[in-house]
Amino acid sequence: MLREYKISEIEKLKIHGRRTACLDPLTLFWNGSGIEMNVRATVVKLRCYADYSVFEPWIDVLVEGVRYQKRPLEKGINEITIWQGNAGPCESDIPLRNIKIMRDTPAMAADGDTLIRIEAVFTDGTFEIVDEPGHRIEFIGDSITSGEGCMGPVSEQEWNSACFDAFDNYTYMTSQKLGADYEVFSQSGYGFVWSWNGNPKENMPLFYDEVCGLVPDGKACELGTYEKYDFSLFKPDIVIINLGTNDAGAYSVSSHEAARSMGSDNIHYLNEKGEIPPEDVAALKNGAKAFLKKVREKRTGAIIIWAYGMLLQDSDIINTQMTNLLSAAVAEYSKQENDSKVYYHQLPPTLAGEFGSRSHPGHAAHKKAAESLVKKIEAVLGV
């Protein structure tokens, strides 16, 4: 017989991702957020509530680290079979399985009504403790960290929920390799000083202190998006900041055209030499140092790695400038703040044949980035 459990009633359940204090129901705000359980059962079902206006939310179901389901959620109540087995009547015949249910799509800054709320788990089995991780990692980023382009053919260019993926993503791959739990704080188009079309209001540091403050007014906001995030809920020993791609992209012709079409003003232009002008270089360096300081205030003992380079611009000059100014910002911050636990890491670029949909890095590029990050982290840790 199936028994219904509210999230708060499963003592041995592990919760992933930025969240509020409310567990019943549990709102999943970010990609990679969800629940994880070790359960000995023949049947596991899930009841969740979903909503949206434009961008439907998706979830992943992982069993023993293998993705069994990737599915969009319908508006309203969704009742989903997570596991259906045929073991014998004796409990000793039923193996223990690790099951993880996570939000596949990121927070949607273009749809304040997109939401997922886990209401209950139904099972005929018993729960056991989920192992403690070897590490805890916080990933801060943009569309790359959100997994944009990780799903769909290379020819697909429409921006929709289906183009995202939290599983075929360097965040998940890196965490799996290191035996780590992780949480994600990322948004497509956003930078660390300004966005892909030069909007200074669309930068990740502005929203770092809130649960999910970049979501516009809508149904999701009623669930606590603007609340101050309780950083004690997740204490990473490693923080990865993968930002800069959109700040650099603001200088492109297409970004200026997009800004004009949106009725905004992108004031960022290259100089006559095709370079980022000195005043912008200074603003970017200062912005990077300011964000490092903010992260350090919240993550006092963590190793912080600023990683950059997966998706380069069509300009060797800009690419070199961004690498130089970011690495310099990290070095200057380290010296000024006497912080020896902050590092810069150059990620391998996405090459021809490694792209996914939306002209973004695909599976091969994410795999390569994860391998590079793991090597960097292990070197820093002295493993």
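Numbers in our numbering are just positions in the sequence shown, counted from 1, shifted up by 724.
Quick reminder that beta carbons are idealized off the backbone N, C-alpha and C, glycines included.
Keep in mind that this is a model prediction, so the values were computed, not measured.
Unbroken alpha helix (DSSP H) run spanning H980, endpoints
Here residue 980 refers to the residue found at position 256 when the sequence shown is read from its first residue. It spans V977 to S985 - the alpha helix (DSSP H) in which H980 sits, taken as one unbroken run.
Taking C-alpha atoms, which residue in K1059, S956 and K1100 lies nearest to I1027?
Working through the sequence shown from its first residue, we reach residue 1027 at position 303. With distances taken between Cα atoms, I1027 lies closest to K1100.
Can you give me the C-alpha to C-alpha distance between N1010 and A1053, rounded to a whole angstrom?
Mapped onto the sequence shown, residue 1010 falls at position 286. Mapped onto the sequence shown, residue 1053 falls at position 329. Answer to the nearest angstrom: the Cα atoms are 7 Å apart.
Within 8 Å, do at least three Cβ pairs link the segment 737 to 748 to the segment 773 to 790?
no
Do N927 and S979 come within 8 Å of each other at the CB atom, strictly closer than that value?
If you number the sequence shown from 1, residue 979 lands on position 255. If you number the sequence shown from 1, residue 927 lands on position 203. Result no, Cβ atoms of S979 and N927 do not sit closer than 8 Å.
Between the CA atoms of S1058 and K794 - distance to the nearest angstrom
Counted from its first residue, the sequence shown places residue 794 at position 70. Counted from its first residue, the sequence shown places residue 1058 at position 334. If you take the alpha carbons of K794 and S1058, they lie about 42 Å apart.
Going by alpha carbons, who is nearest to S988 out of G1086, G915, K925 and F888?
What you label residue 988 is simply residue 264 of the sequence shown in a count that begins at 1. It is K925 whose Cα lies nearest to the Cα of S988.
Whose CA, out of I853, L839 and T838, lies closest to the CA of I823?
Translated into the one-based positions of the sequence shown, residue 823 becomes position 99. The candidate whose alpha carbon is nearest that of I823 is I853.
Quick check on H992: does DSSP put it in helix, strand or coil?
Taking the sequence shown and counting its residues from 1, one reaches residue 992 at position 268. It is coil, neither helix nor strand.
Within 8 Å, strictly: CB atoms of G871 and I825:
On the sequence shown, position 147 is the one that residue 871 refers to. On the sequence shown, position 101 is the one that residue 825 refers to. No.
Is E1021 buried or exposed, if buried means 16 or more other CB atoms sit within 10 Å of its CB?
One-based indexing of the sequence shown puts residue 1021 at position 297. E1021 comes out exposed.
Any idea which residues DSSP pairs D775 with across the strands?
Position 51 of the sequence shown, counting from 1, holds the residue named residue 775. L839, per the DSSP bridge assignment.
Measuring only the C-alpha atoms, how far is G968 from H1087?
As a first step, residue 968 must be located in the sequence shown, where it is residue number 244. As a first step, residue 1087 must be located in the sequence shown, where it is residue number 363. Their backbone Cα atoms lie some 21 Å apart in a straight line.
Mind listing, in chain order, the continuous alpha helix (DSSP H) runs of no fewer than 4 residues lying wholly within the segment 792 to 837?
none
Would I991 pass as a contact of Y975 if the rule is Cβ separation under 8 Å?
Residue numbering aside, residue 991 sits at position 267 when the sequence shown is read from its first letter. Residue numbering aside, residue 975 sits at position 251 when the sequence shown is read from its first letter. In this structure, Y975 does not lie closer than 8 Å to I991 by Cβ.
At which residues does the alpha helix (DSSP H) containing H1087 begin and terminate?
Residue 1087 sits at position 363 when you count from the first residue of the sequence shown. Per DSSP, H1087 belongs to the alpha helix (DSSP H) from H1087 to L1105.
Bridge-paired residues (DSSP) for Q1070:
Counted from its first residue, the sequence shown places residue 1070 at position 346. DSSP, once it has assigned bridges, lists Y1032 as partnering Q1070.
In whole angstroms, give me the CA-to-CA distance for G800 and W807.
Indexing the sequence shown from 1 puts residue 800 at position 76. Indexing the sequence shown from 1 puts residue 807 at position 83. Each residue's alpha carbon lies about 22 Å from the other.
Starting from the C-beta of D971, find all residues in its chain whose C-beta is less than 7 Å away, skip the five residues before and the five after it, and write them out in chain order.
Reading the sequence shown from its first residue, position 247 is the one you call residue 971. Counting only Cβ-Cβ distances below 7 Å, and skipping sequence neighbours, we find G915, F916, V917, W918 and L1008.
Among residues of its own chain, excluding the 5 on either side of D848, which ones have a beta-carbon nearer than 8 Å to its beta-carbon?
In the sequence shown, counting from the first residue as 1, residue 848 sits at position 124. Result list for D848: M725, L726, R727, A765, T766 and V767, in chain order.
With M897 and H1090 assumed to form a contact (beta carbons below 8 Å), what rounded beta-carbon distance in angstroms separates them?
On the sequence shown, position 173 is the one that residue 897 refers to. On the sequence shown, position 366 is the one that residue 1090 refers to. About 6 Å separates the two Cβ atoms, so the contact holds.
I'd like to know if the segment 1077 to 1085 and the segment 856 to 876 are in contact, where contact means that at least 3 CB-CB pairs between them fall below 8 Å.
yes
By the 10 Å Cβ neighbour count, where 16 or more other Cβ atoms means buried, how is E1102 classified, buried or exposed?
For the purposes of this step, residue 1102 is taken as the residue at position 378 of the sequence shown. Exposed is the call here.
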